[in-house]
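**Q**
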Amino acid sequence: MTPTFDKIHLKFKLNANNYSAEDLKEVAYSLVKEGAPYEKVMGDFLMDWLDAKDYINVRTSGSTGQPKLMKVSKQAMVNSSIATGDYFKMEPGQTALLCLPTHYIAGKMMLVRAMVLGLELDFVDPTTQPVFDYGKPYDFCAMIPIQLKNTVKYIHNIKTLIIGGAAISKPLEAAIQGLKTKIYATYGMTETVSHIAVKRMNGKQKMDYFKVFPKVKISQDDRGCLIIEAPKVTSERLITTDVVKLHSATEFELIGRLDNMVNSGGLKLFPEQIEAKLVDQIKERFFIASEPDSDLGEKLILILESDKNTLKKSSFKGLDKLEIPKEIYTVPKFKETATGKIQRKETLKLLKTDAH
1 MTPTFDKIHL KFKLNANNYS AEDLKEVAYS LVKEGAPYEK VMGDFLMDWL
51 DAKDYINVRT SGSTGQPKLM KVSKQAMVNS SIATGDYFKM EPGQTALLCL
101 PTHYIAGKMM LVRAMVLGLE LDFVDPTTQP VFDYGKPYDF CAMIPIQLKN
151 TVKYIHNIKT LIIGGAAISK PLEAAIQGLK TKIYATYGMT ETVSHIAVKR
201 MNGKQKMDYF KVFPKVKISQ DDRGCLIIEA PKVTSERLIT TDVVKLHSAT
251 EFELIGRLDN MVNSGGLKLF PEQIEAKLVD QIKERFFIAS EPDSDLGEKL
301 ILILESDKNT LKKSSFKGLD KLEIPKEIYT VPKFKETATG KIQRKETLKL
351 LKTDAH
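The sequence shown begins at 1 in UniProt numbering and counts up by one.
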């Protein structure tokens with residue numbers, strides 16, 4: 001029988017304490033009244049989860065525009081938890097660590113998974129370098145890439161770690177290869193109630209492509225964008241703006257976002273693909289974008305998170321001629337979401353016409 005959102009698993013624990021639904025309302029109330037800022041947010045979410053409504057309002061991350069509020073079905077969140085639990089073979093009584101902010105779907109889902117699957121969940125301040133009991137074994141945890149980067153020396157006791165919110169960089173991917181922790185990149189969005197596909201990033205079972213969960217169907221539209229049908233988590237067929245290459249009925253490769261695509265002289269260029277070629281050559285954060293050009297329509301530009309342009313011609317040696325940026329601009333600090341994802345459009349607004 002499928003669990004329902006109004007039931008709390010008997011084995012659920014929060015920071016080592018067992019709670020019923022009624023007990024949890026008291027905990028939520030005290031977190032809101034007396035907790036640290038991150039605890040107040042968690043308390044608000046728990047109170048929303050435990051009320052009589054069958055939905056909650058969730059804020060999107062805002063990586064491609066302004067964050068917005070979305071209504072999300074509580075039962076869809078339960079179903080998503082079960083899918084994750086099934087995939088990673090999670091059992092009641094296993095331990096989990098919450099170090100993500102519960103403002104967004106990823107942090108909320110860690111709580112929901114614990115309540116639905118009967119996990120013993122510890123929560124800590126969701127900083128970019130979370131401090132937790134490095135000696136305690138945890139079966140499951142979710143992080144964003146900057147958290148993984150900052151705690152890579154301390155995650156040896158985490159059995160399975162999922163990473164979302166932004167892409168795992170090539171240097172970070174290289175740094176995790178020798179770890180016994182099973183690390184997965186995730187693909188999903190608020191609309192799919194957390195992830196619907198995962199990709200193992202290290203070890204002998206490392207995967208080349210994202211693989212969707214059972215009961216999730218994928219296809220493409222005529223733009224090459226991913227279409228998702230996941231009836232357990234959303235009643236709507238989701239047409240994304242993520243351009244993909246399908247490798248099987250259940251596997252796909254992310255090429256880039258349609259919103260970021262540059263049409264330069266009739267050639268379609270995806271900044272994400274060019275960035276992947278440059279990531280080992282450029283030590284500062286950067287991204288590829290475009291600006292209008294009278295000859296090409298659009299020309300490629302590179303935006304560097306720096307006070308001055310330190311790049312040499314050799315930085316671009318791995319690129320095809322048409323992939324080499326025609327201009328380089330600098331910005332002291334990129335605009336980013338709470339999960340550390342660069343807000344490209346907002347950052348481009350910071351550019352000064354004389355900043356080369």
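Yeah, the Cβ is synthetic: ideal placement off N, Cα and C, and Gly gets one too.
Note that this is a predicted model, so its numbers are computed, not measured.
Taking three-plus beta-carbon pairs below 8 Å as touching, is the segment 68-86 in contact with the segment 20-37?
**A** No, they do not touch.
**Q** Using the C-alpha atoms, what's the distance from tyrosine 329 back to threonine 353?
**A** Along the sequence shown, read from residue 1 onward, the residue named residue 353 stands at position 353. Along the sequence shown, read from residue 1 onward, the residue named residue 329 stands at position 329. Unreliable positioning characterises threonine 353 in this predicted model, as indicated by a pLDDT of 42, which lies under 50. A coordinate reading is not provided.
**Q** Could you check what DSSP says for serine 314 in three-state terms: helix, strand or coil?
**A** The sequence position of residue 314 within the sequence shown is 314, counting from 1. Helix, per DSSP.
**Q** For arginine 344, name the three-state secondary structure that DSSP assigns.
**A** Taking the sequence shown and counting its residues from 1, the one referred to as residue 344 is at position 344. In the structure shown, arginine 344 sits in a helix (DSSP, three-state: H, G or I).
**Q** Taking the beta carbon of glycine 265 as the centre, do at least 16 other beta carbons fall within 10 Å, making it buried, or is it exposed?
**A** The residue you call residue 265 lines up with position 265 of the sequence shown. Classification of glycine 265: exposed, given that the 10 Å Cβ count is below 16.
**Q** For the beta strand (DSSP E) containing asparagine 57, list its first residue and its last residue.
**A** As a first step, residue 57 is located in the sequence shown; it is residue number 57 there, counting from the start. Taken as a continuous stretch (DSSP letters only), the beta strand (DSSP E) holding asparagine 57 covers 55-59.
**Q** Tell whether a beta-carbon distance below 8 Å holds between isoleucine 196 and valine 216.
**A** Within the sequence shown, numbered from 1, the residue matching residue 196 stands at position 196. Within the sequence shown, numbered from 1, the residue matching residue 216 stands at position 216. Yes.
**Q** Just to confirm before moving on: does the CB-CB distance between asparagine 260 and proline 271 stay below 8 Å?
**A** Taking the sequence shown and counting its residues from 1, the one referred to as residue 260 is at position 260. Taking the sequence shown and counting its residues from 1, the one referred to as residue 271 is at position 271. Closer than 8 Å, so yes.
**Q** Please report the distance separating the alpha-carbon of leucine 258 from that of serine 81.
**A** Counting from one through the sequence shown, the residue named residue 258 turns up at place 258. Counting from one through the sequence shown, the residue named residue 81 turns up at place 81. About 29 Å.
**Q** Smallest Cα separation from isoleucine 8: which of Ala167, Leu50 and Lys40?
**A** To locate residue 8, count along the sequence shown from 1; it is residue 8. Out of Ala167, Leu50 and Lys40, Leu50 has the C-alpha closest to the C-alpha of isoleucine 8.
**Q** Could you give the distance in angstroms between the alpha-carbon of valine 233 and the alpha-carbon of threonine 192?
**A** Within the sequence shown, residue 233 is the residue found at index 233, counting from 1. Within the sequence shown, residue 192 is the residue found at index 192, counting from 1. Answer to the nearest angstrom: the Cα atoms are 6 Å apart.
**Q** Can you tell which of Asp54, Gln205, Ala52 and Leu98 has its C-alpha closest to the C-alpha of valine 131?
**A** Here residue 131 is taken as the residue at index 131 of the sequence shown, counted from 1. Looking at the Cα atoms, Leu98 is the closest of the given residues.
**Q** Less than 8 Å between C-beta atoms, sequence neighbours within five positions excluded: which residues of the same chain meet that for lysine 333?
**A** Taking the first residue of the sequence shown as position 1, residue 333 is located at position 333. Hits under 8 Å: Glu305.
**Q** Which of the three DSSP states, helix, strand or coil, is assigned to valine 331?
**A** By 1-based counting over the sequence shown, the position of residue 331 is 331. Here valine 331 sits in strand by DSSP.
**Q** According to DSSP, is residue 357 part of a helix, a strand, or is it coil?
**A** Outside the shown range of the chain, which is 1 to 356, sits residue 357, and nothing can be said about it.
**Q** Ends of the beta strand (DSSP E) at threonine 160?
**A** Working through the sequence shown from its first residue, we reach residue 160 at position 160. Residues 158-163.
**Q** Give the secondary structure of glycine 203 by DSSP, where H, G and I count as helix, E and B as strand, and everything else as coil.
**A** Looking up residue 203 in the sequence shown gives position 203. In this structure, glycine 203 counts as coil in the three-state DSSP scheme.
**Q** State the CB to CB distance for the pair valine 27 and lysine 108, rounded to an integer number of angstroms; the pair is presumed to be in contact (CB under 8 Å).
**A** Position 27 of the sequence shown, counting from 1, holds the residue named residue 27. Position 108 of the sequence shown, counting from 1, holds the residue named residue 108. About 16 Å; that fails the 8 Å criterion.
**Q** Using 10 angstroms around the beta-carbon of proline 126, count the other beta-carbons present and answer buried if the total reaches 16, otherwise exposed.
**A** Looking up residue 126 in the sequence shown gives position 126. It is buried - the Cβ of proline 126 has at least 16 other Cβ atoms within 10 Å.
**Q** Alpha carbons only, please: which of Pro137, Asp133, Gly165 and Pro37 is nearest the one belonging to glycine 340?
**A** Working through the sequence shown from its first residue, we reach residue 340 at position 340. Comparing Cα-Cα distances from glycine 340 to each of Pro137, Asp133, Gly165 and Pro37, the minimum goes to Gly165.
**Q** What residues in its chain sit with their C-beta under 7 Å from that of proline 292, if we drop five residues either side in the sequence?
**A** As a position in the sequence shown, residue 292 is number 292, starting the count at 1. Cβ within range, chain order: Glu298.
**Q** Taking its Cβ as the centre, do 16 or more other Cβ atoms sit within 10 Å of aspartate 122, making it buried, or is it exposed?
**A** Stepping through the sequence shown from its first residue, residue 122 is reached at position 122. Per the 10 Å Cβ criterion, buried.
**Q** Give a yes or no on contact between the segment 147-159 and the segment 170-183, applying the rule of three or more CB pairs nearer than 8 Å.
**A** As far as the Cβ criterion goes, the segment 147-159 touches the segment 170-183, which means the pair count is three or higher.
**Q** Counting Cβ pairs, one atom from each stretch, are 3 or more of them under 8 Å apart for the segment 150-160 and the segment 37-51?
**A** Output reads no: the segment 37-51 does not touch the segment 150-160.
**Q** I want to see whether chain C comes within less than 8 Å of valine 112, judged by CB atoms only; does it?
**A** This model lacks chain C altogether; it includes just one protein chain.
**Q** How is methionine 110 classed by DSSP in three states: helix, strand or coil?
**A** For this step, residue 110 is matched to residue 110 along the sequence shown. It is helical.
**Q** Are the beta-carbon atoms of leucine 296 and leucine 269 separated by less than 8 Å?
**A** Against the sequence shown, residue 296 aligns to sequence position 296. Against the sequence shown, residue 269 aligns to sequence position 269. Contact: no.
**Q** Which whole runs of the beta strand (DSSP E) in the segment 280-325 are 3 residues long or more, in chain order?
**A** Correct list: 286-293 and 297-305.
**Q** Is the beta carbon of phenylalanine 12 closer than 8 Å to that of residue 377?
**A** Any property of residue 377 remains undetermined from this structure, which presents the chain solely from 1 to 356.
**Q** In angstroms with no decimal places, state the Cα-to-Cα distance between alanine 276 and alanine 174.
**A** In the sequence shown, the residue the question calls residue 276 occupies position 276. In the sequence shown, the residue the question calls residue 174 occupies position 174. Rounded to whole angstroms, alanine 276 to alanine 174 spans 13 Å at the Cα level.
**Q** Out of curiosity, what's the CA-to-CA distance linking glycine 135 and alanine 16?
**A** The residue labelled residue 135 in the question sits at position 135 within the sequence shown. The residue labelled residue 16 in the question sits at position 16 within the sequence shown. For glycine 135 and alanine 16, the distance between alpha carbons rounds to 16 Å.
**Q** Could you tell me which of Tyr19, Asp6 and Lys68 sits nearest to alanine 52, measuring between CA atoms?
**A** As a position in the sequence shown, residue 52 is number 52, starting the count at 1. Measuring from the Cα of alanine 52, the nearest candidate turns out to be Asp6.
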